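Step one of this worksheet: look at the structure below.
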Amino acid sequence: MKITLFGATGQLGSECLQQAVAAGHELTVLVRSAKKISAELRSKVCVVEGDALCPEDVWRVIAADTDAVLFAIGVDKHSPPDLCTDVTRIILDALRGDCGARFIWCGGGSTFVEQDVIGFGAKFVRKFAETFMSLRHIDKEHQYLLLKSYPDIPHIGVRPLQMAKGPMRGDYRLGFDRFNGFSRISFADCAHAMLKQLSNDEWLSKAPIVQY
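Residue numbering for the sequence shown follows full-length UniProt numbering, starting at 1 and increasing by one per position.
This is how it looks when you write it as C-alpha coordinates:
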(Lines of atoms letter the chains of each structure in order from A and count residues from 1; the text may use other names and numbers.)
(Lines give C-alpha, C1' and ligand atoms only; values in the text may rest on other atoms or scores of the structure.)
Protein backbone atom coordinates (compact mmCIF):
# COMPACT_ATOMS: atom_id res chain seq x y z
CA MET A 1 0.00 0.00 0.00
CA LYS A 2 0.95 3.63 -0.41
CA ILE A 3 1.10 5.13 3.09
CA THR A 4 1.84 8.57 4.52
CA LEU A 5 3.14 8.61 8.10
CA PHE A 6 3.08 11.52 10.53
CA GLY A 7 5.21 11.31 13.67
CA ALA A 8 7.85 9.02 12.17
CA THR A 9 10.64 10.09 14.53
CA GLY A 10 8.80 9.41 17.80
CA GLN A 11 8.81 6.15 19.73
CA LEU A 12 5.52 4.94 18.26
CA GLY A 13 6.08 6.45 14.84
CA SER A 14 9.52 4.89 14.46
CA GLU A 15 7.96 1.48 15.10
CA CYS A 16 5.27 2.21 12.49
CA LEU A 17 8.01 3.24 10.07
CA GLN A 18 10.14 0.13 10.55
CA GLN A 19 7.22 -2.29 10.45
CA ALA A 20 5.67 -0.68 7.38
CA VAL A 21 8.98 -0.85 5.51
CA ALA A 22 9.46 -4.47 6.56
CA ALA A 23 5.98 -5.28 5.24
CA GLY A 24 6.86 -3.84 1.84
CA HIS A 25 4.64 -0.77 1.88
CA GLU A 26 5.51 2.36 -0.10
CA LEU A 27 6.03 5.00 2.56
CA THR A 28 6.16 8.80 2.62
CA VAL A 29 7.00 10.58 5.86
CA LEU A 30 6.81 14.25 6.80
CA VAL A 31 9.45 15.24 9.35
CA ARG A 32 11.07 18.45 10.54
CA SER A 33 14.55 17.01 10.05
CA ALA A 34 15.42 14.09 7.78
CA LYS A 35 18.56 13.50 9.84
CA LYS A 36 16.42 12.02 12.62
CA ILE A 37 15.77 9.01 10.40
CA SER A 38 18.60 6.55 9.84
CA ALA A 39 20.37 6.58 6.48
CA GLU A 40 19.27 2.98 5.91
CA LEU A 41 15.59 3.84 6.33
CA ARG A 42 15.92 7.08 4.35
CA SER A 43 17.02 4.98 1.39
CA LYS A 44 13.80 2.97 1.55
CA VAL A 45 11.16 5.68 2.03
CA CYS A 46 10.30 9.10 0.66
CA VAL A 47 11.32 11.64 3.31
CA VAL A 48 9.87 15.15 3.05
CA GLU A 49 11.01 17.88 5.40
CA GLY A 50 8.28 20.19 6.60
CA ASP A 51 5.84 21.15 9.32
CA ALA A 52 2.67 19.14 9.96
CA LEU A 53 0.99 22.36 11.13
CA CYS A 54 1.53 23.87 7.67
CA PRO A 55 -1.29 22.86 5.29
CA GLU A 56 0.94 23.26 2.23
CA ASP A 57 3.46 20.78 3.64
CA VAL A 58 0.74 18.27 4.53
CA TRP A 59 -0.79 18.47 1.07
CA ARG A 60 2.66 17.73 -0.43
CA VAL A 61 2.77 14.29 1.20
CA ILE A 62 -0.81 13.18 0.57
CA ALA A 63 -1.24 12.19 -3.06
CA ALA A 64 -4.41 11.25 -4.89
CA ASP A 65 -3.33 7.60 -4.86
CA THR A 66 -2.46 7.48 -1.14
CA ASP A 67 -4.13 4.43 0.43
CA ALA A 68 -3.77 5.32 4.11
CA VAL A 69 -2.45 7.90 6.53
CA LEU A 70 -0.92 6.80 9.83
CA PHE A 71 -1.02 9.34 12.66
CA ALA A 72 1.55 8.67 15.38
CA ILE A 73 2.38 12.19 16.54
CA GLY A 74 3.12 12.34 20.26
CA VAL A 75 2.51 15.13 22.75
CA ASP A 76 4.80 16.28 25.55
CA LYS A 77 4.93 19.25 27.92
CA HIS A 78 6.59 21.39 25.26
CA SER A 79 3.91 20.75 22.62
CA PRO A 80 1.50 23.53 21.67
CA PRO A 81 -2.11 23.10 22.86
CA ASP A 82 -4.22 20.90 20.57
CA LEU A 83 -1.24 19.84 18.45
CA CYS A 84 -2.79 16.50 17.46
CA THR A 85 -6.18 18.07 16.85
CA ASP A 86 -4.84 20.85 14.65
CA VAL A 87 -2.67 18.51 12.58
CA THR A 88 -5.55 16.05 12.25
CA ARG A 89 -7.83 18.80 10.94
CA ILE A 90 -5.31 19.70 8.24
CA ILE A 91 -4.91 16.04 7.25
CA LEU A 92 -8.65 15.38 7.13
CA ASP A 93 -9.20 18.43 4.95
CA ALA A 94 -6.54 17.09 2.59
CA LEU A 95 -8.24 13.70 2.53
CA ARG A 96 -11.62 15.23 1.70
CA GLY A 97 -10.65 15.60 -1.93
CA ASP A 98 -10.49 12.67 -4.32
CA CYS A 99 -8.01 10.75 -2.19
CA GLY A 100 -10.27 8.30 -0.32
CA ALA A 101 -7.43 7.25 1.98
CA ARG A 102 -8.05 5.67 5.37
CA PHE A 103 -6.95 7.62 8.46
CA ILE A 104 -5.48 5.43 11.22
CA TRP A 105 -4.65 7.26 14.42
CA CYS A 106 -3.39 6.68 17.93
CA GLY A 107 -5.53 8.14 20.69
CA GLY A 108 -5.49 7.67 24.44
CA GLY A 109 -7.34 5.55 26.98
CA SER A 110 -8.40 8.58 29.00
CA THR A 111 -10.69 9.54 26.12
CA PHE A 112 -13.89 7.60 26.72
CA VAL A 113 -15.97 6.45 23.75
CA GLU A 114 -19.53 5.20 23.58
CA GLN A 115 -18.62 1.50 23.56
CA ASP A 116 -16.31 1.59 26.59
CA VAL A 117 -17.04 -0.41 29.73
CA ILE A 118 -16.45 2.22 32.40
CA GLY A 119 -15.38 0.83 35.76
CA PHE A 120 -13.44 2.27 38.68
CA GLY A 121 -10.13 1.65 36.91
CA ALA A 122 -11.19 3.59 33.82
CA LYS A 123 -12.48 6.47 35.93
CA PHE A 124 -9.14 6.59 37.74
CA VAL A 125 -7.30 6.73 34.40
CA ARG A 126 -9.40 9.68 33.27
CA LYS A 127 -9.06 11.58 36.56
CA PHE A 128 -5.29 11.02 36.59
CA ALA A 129 -4.98 12.26 33.00
CA GLU A 130 -7.13 15.31 33.68
CA THR A 131 -4.98 16.19 36.69
CA PHE A 132 -1.44 15.33 35.64
CA MET A 133 -1.54 15.07 31.83
CA SER A 134 -4.11 17.70 30.98
CA LEU A 135 -2.38 18.96 27.82
CA ARG A 136 -2.33 15.52 26.22
CA HIS A 137 -5.74 14.52 27.58
CA ILE A 138 -7.54 17.62 26.30
CA ASP A 139 -5.83 17.36 22.92
CA LYS A 140 -6.88 13.73 22.46
CA GLU A 141 -10.45 14.56 23.56
CA HIS A 142 -10.61 17.31 20.96
CA GLN A 143 -9.06 15.07 18.31
CA TYR A 144 -11.71 12.41 18.85
CA LEU A 145 -14.54 14.94 18.68
CA LEU A 146 -13.05 16.36 15.49
CA LEU A 147 -12.95 12.93 13.85
CA LYS A 148 -16.62 12.42 14.63
CA SER A 149 -17.36 15.60 12.67
CA TYR A 150 -15.76 14.09 9.54
CA PRO A 151 -18.02 11.04 8.93
CA ASP A 152 -17.06 11.02 5.26
CA ILE A 153 -13.43 10.12 6.05
CA PRO A 154 -12.86 6.41 6.84
CA HIS A 155 -10.95 6.32 10.11
CA ILE A 156 -9.87 3.83 12.78
CA GLY A 157 -8.25 4.67 16.10
CA VAL A 158 -6.39 2.60 18.65
CA ARG A 159 -6.25 3.80 22.26
CA PRO A 160 -3.34 2.64 24.40
CA LEU A 161 -2.96 3.26 28.12
CA GLN A 162 0.64 2.85 29.31
CA MET A 163 3.09 2.49 26.44
CA ALA A 164 6.68 1.36 26.93
CA LYS A 165 9.61 -0.01 24.97
CA GLY A 166 9.49 -3.72 24.34
CA PRO A 167 9.47 -6.35 21.61
CA MET A 168 6.61 -6.88 19.20
CA ARG A 169 4.67 -9.87 20.49
CA GLY A 170 1.69 -9.64 18.16
CA ASP A 171 -0.45 -11.02 20.98
CA TYR A 172 -2.69 -8.38 22.55
CA ARG A 173 -6.34 -7.42 22.96
CA LEU A 174 -8.05 -4.90 20.72
CA GLY A 175 -11.60 -4.05 21.69
CA PHE A 176 -13.74 -2.53 24.39
CA ASP A 177 -12.70 -4.68 27.33
CA ARG A 178 -12.37 -3.18 30.80
CA PHE A 179 -9.14 -1.27 31.37
CA ASN A 180 -7.33 0.51 34.17
CA GLY A 181 -4.12 2.34 35.00
CA PHE A 182 -2.12 -0.89 34.81
CA SER A 183 -3.22 -1.68 31.24
CA ARG A 184 -0.18 -1.51 29.01
CA ILE A 185 1.16 -2.17 25.53
CA SER A 186 4.56 -1.82 23.90
CA PHE A 187 5.17 0.82 21.24
CA ALA A 188 5.94 -2.04 18.88
CA ASP A 189 2.62 -3.81 19.44
CA CYS A 190 0.66 -0.56 19.29
CA ALA A 191 2.26 0.09 15.90
CA HIS A 192 1.44 -3.49 14.89
CA ALA A 193 -2.21 -2.92 15.82
CA MET A 194 -2.31 0.27 13.76
CA LEU A 195 -0.82 -1.39 10.69
CA LYS A 196 -3.31 -4.25 10.92
CA GLN A 197 -6.09 -1.72 10.36
CA LEU A 198 -4.83 -0.98 6.87
CA SER A 199 -6.94 -3.84 5.55
CA ASN A 200 -9.31 -4.54 8.43
CA ASP A 201 -12.81 -3.02 8.35
CA GLU A 202 -13.95 -4.36 11.73
CA TRP A 203 -13.17 -1.14 13.59
CA LEU A 204 -14.12 1.46 10.98
CA SER A 205 -15.25 4.71 12.66
CA LYS A 206 -14.33 3.25 16.05
CA ALA A 207 -11.42 3.56 18.47
CA PRO A 208 -10.88 0.36 20.50
CA ILE A 209 -8.52 0.02 23.45
CA VAL A 210 -5.26 -1.85 22.75
CA GLN A 211 -3.75 -3.68 25.73
CA TYR A 212 -2.19 -6.98 26.79
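The C-beta atom is built at its ideal place from N, Cα and C for all residues, glycine as well. Here the structure is a predicted model, which is why all the values come from computation and not from measurement.
*Specify whether the stretch 61-76 and the stretch 102-120 touch according to this definition: at least 3 beta carbon pairs, one from each stretch, less than 8 Å apart.*
yes
*Cα-Cα separation, Asp201 to Asp116*: Here residue 201 refers to the residue found at position 201 when the sequence shown is read from its first residue. Here residue 116 refers to the residue found at position 116 when the sequence shown is read from its first residue. Those two C-alpha atoms are separated by around 19 Å.
_Every unbroken alpha helix (DSSP H) within the stretch 104-153, with a cutoff of 4 residues, ordered by chain_ = 120-132, 134-148
*Are the beta-carbon atoms belonging to Arg184 and Tyr212 less than 8 Å from one another?*
Mapped onto the sequence shown, residue 184 falls at position 184. Mapped onto the sequence shown, residue 212 falls at position 212. Yes. Within cutoff.
*asked:* Using a Cβ distance threshold of 8 Å, determine whether the stretch 117-125 contacts the stretch 84-96, with at least three qualifying pairs required.
replied: no
*asked:* I'd like to check one pair, Ser186 with Met163: are the Cβ atoms closer than 8 Å?
replied: Indexing the sequence shown from 1 puts residue 163 at position 163. Indexing the sequence shown from 1 puts residue 186 at position 186. The answer is yes: Cβ separation under 8 Å.
_Opening and closing residue of the alpha helix (DSSP H) in which Lys35 lies_ = Here residue 35 refers to the residue found at position 35 when the sequence shown is read from its first residue. Per DSSP, Lys35 belongs to no alpha helix (DSSP H) and is neither H nor E.
_Let me check understanding here. Comparing Cα to Cα, which of Pro167, Gly109, Asp139 lies closest to Phe182?_
In the sequence shown, residue 182 corresponds to position 182, counting from 1. Nearest of Pro167, Gly109, Asp139 to Phe182, Cα basis: Gly109.
_Alpha-carbon to alpha-carbon, Asn180 and Lys123_ = Translated into positions along the sequence shown, residue 123 becomes position 123. Translated into positions along the sequence shown, residue 180 becomes position 180. Whole-angstrom Cα-Cα distance: 8 Å.
*asked:* To test your reading of the DSSP string, which unbroken alpha helix (DSSP H) runs of 4 or more residues are found completely within the stretch 9-91?
replied: 11-22, 39-42, 55-61
*Near His142, which residues of its chain fall below 7 Å by C-beta distance, leaving aside the five closest residues on each side in sequence?*
On the sequence shown, residue 142 is found 142 positions in, with the first residue counted as 1. Only Asp82, Thr85 meet the Cβ criterion.
*Ile3 and Ala68 closer than 8 Å at C-beta*: Against the sequence shown, residue 3 aligns to sequence position 3. Against the sequence shown, residue 68 aligns to sequence position 68. Their beta carbons are under 8 Å apart, which means Ile3 touches Ala68 by this criterion.
*Enclosing alpha helix (DSSP H) for Lys196 [first to last residue]*: Walking along the sequence shown from the start, residue 196 turns up at place 196. Per DSSP, Lys196 belongs to the alpha helix (DSSP H) from 187-196.
*Within 10 angstroms of the Cβ of Gly24, are there 16 or more other Cβ atoms? Answer buried if so, exposed if not.*
Walking along the sequence shown from the start, residue 24 turns up at place 24. Result: exposed.
*Boundaries (first-last residue) of the beta strand (DSSP E) holding Lys2*: Here the question's residue 2 lines up with position 2 in the sequence shown. First-last of the beta strand (DSSP E) with Lys2: 2-6.
_Helix, strand or coil at Ala207 [DSSP, three-state]_ = Numbered from 1 along the sequence shown, position 207 holds the residue referred to as residue 207. In the structure shown, Ala207 sits in coil (DSSP, three-state: anything other than H, G, I, E or B).
*Give every residue of the same chain whose Cβ lies closer than 6 Å to the Cβ of Gln197, excluding the five residues on either side of it in the sequence, and list them in chain order.*
Start at 1 with the first residue of the sequence shown, and residue 197 comes out as number 197. Here the set comprises Ile104, Ile156.
*asked:* Out of Val61, His192, Thr9, which one is the CA nearest neighbour of Ile90?
replied: Here residue 90 corresponds to residue number 90 of the sequence shown, with the count starting at 1. It is Val61 whose Cα lies nearest to the Cα of Ile90.
*Under 8 Å between C-beta atoms of Gly175 and Asp189*: On the sequence shown, position 175 is the one that residue 175 refers to. On the sequence shown, position 189 is the one that residue 189 refers to. Cβ atoms of Gly175 and Asp189: not closer than 8 Å.
*Which residues bound the beta strand (DSSP E) around Met163?*
Reading the sequence shown from its first residue, position 163 is the one you call residue 163. Residues 162-164.
*asked:* Taking 8 Å as the threshold (C-beta atoms), are Ala39 and Thr66 in contact?
replied: Numbered from its first residue, the sequence shown carries residue 66 at position 66. Numbered from its first residue, the sequence shown carries residue 39 at position 39. Not closer than 8 Å, so no.
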